[in-house]
Each structure stands twice: as C-alpha cells, then as structure tokens.
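S.K.:
Residue numbers (the working numbering): 72 to 410.
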C-alpha cells in the first residue's frame, strides 16, 4: 500500500475501484491517498479473491466509511458490480467514469500535483494519455485498446475537449461530463466475434478488408489462419452482424496492421505482442499517405478514416514492410493530433 499526503482534505471519502485488466483500488480520505498493490487481471478468480480480501481488510482495519464509489462505465465488470454492492451497504454515492475520461483526468491530476511541488514541468504531459494546456480549454488524446464508451461502443482512439476553468483535482468527481466532451475518434471498425477479435487480429482483417475487397480477395490475406469453412462462417457472421461490436480502438488497428504485414501471428504469446512487434520492426515512414479526416455535420465528431490506411497498405504490400509499419503509426498519431 502506497500512501501520499496532501495539503488539503478530500471533499468526501472516495473509493475508486478501477477496471479489470490491472486490478487495484485507491482511497482518498482526509488528506491522504492510498494506492493498493496491483492484483493483475481480475478475471482470474484467485486475483479477484485477493483484491476483495485486501479491500475488505483496508475498510475494516481503518474504519473507512466511503461516501463516493467510483467504477468504470462498463456495466458488467466485476469492479462495477462490486462497487454497486459496496455503495448499497454504505449508502454511498455510486458514480461510473468512462475509461478514457479517467485516463485524461489522471494525466491532468498528475500535472496539477507535480506543478504544486518545487519541480516545474513542461506544459505537456506525454504518455499514452496526452494533455495540451491552453488558457481556457485542454485537449486530450487517449489511444489504447479497450474502453466501454458512452455510446455503448468500444472506444480506444479518442480526442477530448476539456473545460479548464478553475479545474481542481477534487472537481474531477463532481460532474465530469460537464468538463469533458468527445470531439473526435478513429473510424469505427467491427470487432468480429466481440472479444475474440482482441485475441485473433485476423478477425479485424476480415472486417476491415471486407469494406473494399471482394470476399475471395479478403480470404487471401487470412487463409494462413483460417480454413475455407472457418472463413465462410466468419464472413457470414459479419454479413449478418451477429456478435459484431463497433470499435474506435487504436490497439485493434495496430494489431491488424502487425498481422497484415507479417510481424505477428493470429495467437498472441503475451499481452500487446502484435503492437510490440510492430513497433520493434518499424523504420522510416513513407510520406505519401495523406490524412483523411471527415466531419459530416456540426453535430457529429471528427473521424480519422482507418479504412483508407488499409487500402494504402494493400496497394503497397510489395514495398518495405518495415517502412509501412512506421507509416501506419504515423498516420494514426498525426491524424488524431490534427483533430
């Protein structure tokens, strides 16, 4: 358990339970923040038992009475369901935070905290969460794999506009929706088979290439991974929109690029393997791929078209694949930044 002291007290006793893939909990009480250990993937029963056990010990040992419970927006996560139970038990306010909002606000919080210290930081926090500071507004980029979106689709390549007026750390739990708005994202693609498409990038190849290639040509790019019968089943599933979920995930696009260029297989040996291999095999990008950002009306978001990226890759498959790998990453980074 890590403990950090503040010069001011928490507005309320806050318990944040986070998501599932890297389970941990955080408590803000009086003038201290308590960070638990990392319990790993909470979908593993043993990890979840340890998570619940340590949380119960913390609450009972310290006599902690939560006023606010924060969880992920996903309705079926174990931490979401647990948060609802705890909120009922303690009659605490239950607030669900969108996954990428949390990423952006954590970067803002880190910046605000560090700038109250003696160390002066540059105005831009650069990680997988980027926050650019301006007088009245902030813009944040969140580029990752999976986060349940406010539209019930899977987000992961997002651009947000954040109101910067008198933004304090304690404000972030009061009404985050009034402070942050999604203004752009990657084009939605189909997770063919839902979460199975996370484990098998070739499913993403089928769904994306099917937008502009005939079926027989799509099969050419995945026949190494699926028999003809398996492919037919997947293609029919896509046509019938059965267990197909829309996603704007950066991770899924890069997984598909890595597989298309031959850097990874269809079954990952470790977490993030396709993207890791794509990055390791990247050299100098080509500069002839132009950005394609669309906005159909004043009420719609900006969208960076990723189908165009795959059209480019297919057209240039005879070129240096290491340079194509870098080109794909540059296209996504420049496109989201341009939004």
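C-beta: ideal position from N, C-alpha, C; glycine also.
1. Alpha carbon to alpha carbon, how far is residue 288 from residue 359?
2. With DSSP as the reference, identify every bridge partner of residue 231, one or two as the case may be.
3. When you compare the CB positions of residue 280 and residue 377, do they come within less than 8 Å of one another, or not?
4. Buried or exposed: residue 211, going by 16 or more other Cβ atoms within 10 Å of its Cβ?
5. Excluding the five sequence neighbours on either side, which residues of its own chain have a C-beta within less than 6 Å of the C-beta of residue 323, listed in chain order?
6. What is the rounded straight-line gap between the Cα of residue 389 and the Cα of residue 370?
7. How many angstroms separate the CA atom of residue 367 from the CA atom of residue 277?
8. For residue 113, which of helix, strand or coil comes out of DSSP?
9. Work out the CA separation of residue 129 and residue 142 for me, nearest whole Å.
10. Do residue 296 and residue 273 have their C-beta atoms closer together than 8 Å?
11. Closest by CA to residue 254, which one among 328, 372, 355, 144?
12. To the nearest angstrom, how far is it from the Cα of residue 310 to the Cα of residue 268?
13. With a threshold of 16 other CB atoms inside 10 Å of the CB of residue 355, please say whether the residue is buried or exposed.
14. Helix, strand or coil: which one does DSSP assign to residue 403?
15. Measure how close the beta-carbons of residue 321 and residue 214 come, nearest whole angstrom, since I'm counting them as under 8 Å.
16. Let me know if residue 333 comes out buried or exposed under the rule of 16 or more other beta-carbons within 10 Å of its beta-carbon.
17. Bridge partners for residue 100 per DSSP, in chain order?
18. Can you find the residues in the same chain that come closer than 7 Å, C-beta to C-beta, to residue 409, ignoring five residues on each side of it along the sequence?
19. In this structure, does DSSP put residue 144 in helix, strand or coil?
M.R.: This is what the structure gives:
1. Each residue's Cα considered, the two are about 25 Å apart.
2. 211, 253
3. no
4. With 16 or more other Cβ atoms from the protein chains shown falling within 10 Å of its own Cβ, residue 211 counts as buried.
5. 275
6. 41 Å
7. 26 Å
8. coil
9. Roughly 18 Å between the two C-alpha positions.
10. yes
11. 372
12. So the alpha carbons of these two residues sit roughly 16 Å apart.
13. With a threshold of 16 other beta carbon atoms within 10 Å, residue 355 falls short and is exposed.
14. helix
15. Their Cβ separation, rounded to whole angstroms, is 4 Å, which keeps residue 321 and residue 214 in contact under 8 Å.
16. exposed
17. 103
18. 362, 364
19. coil
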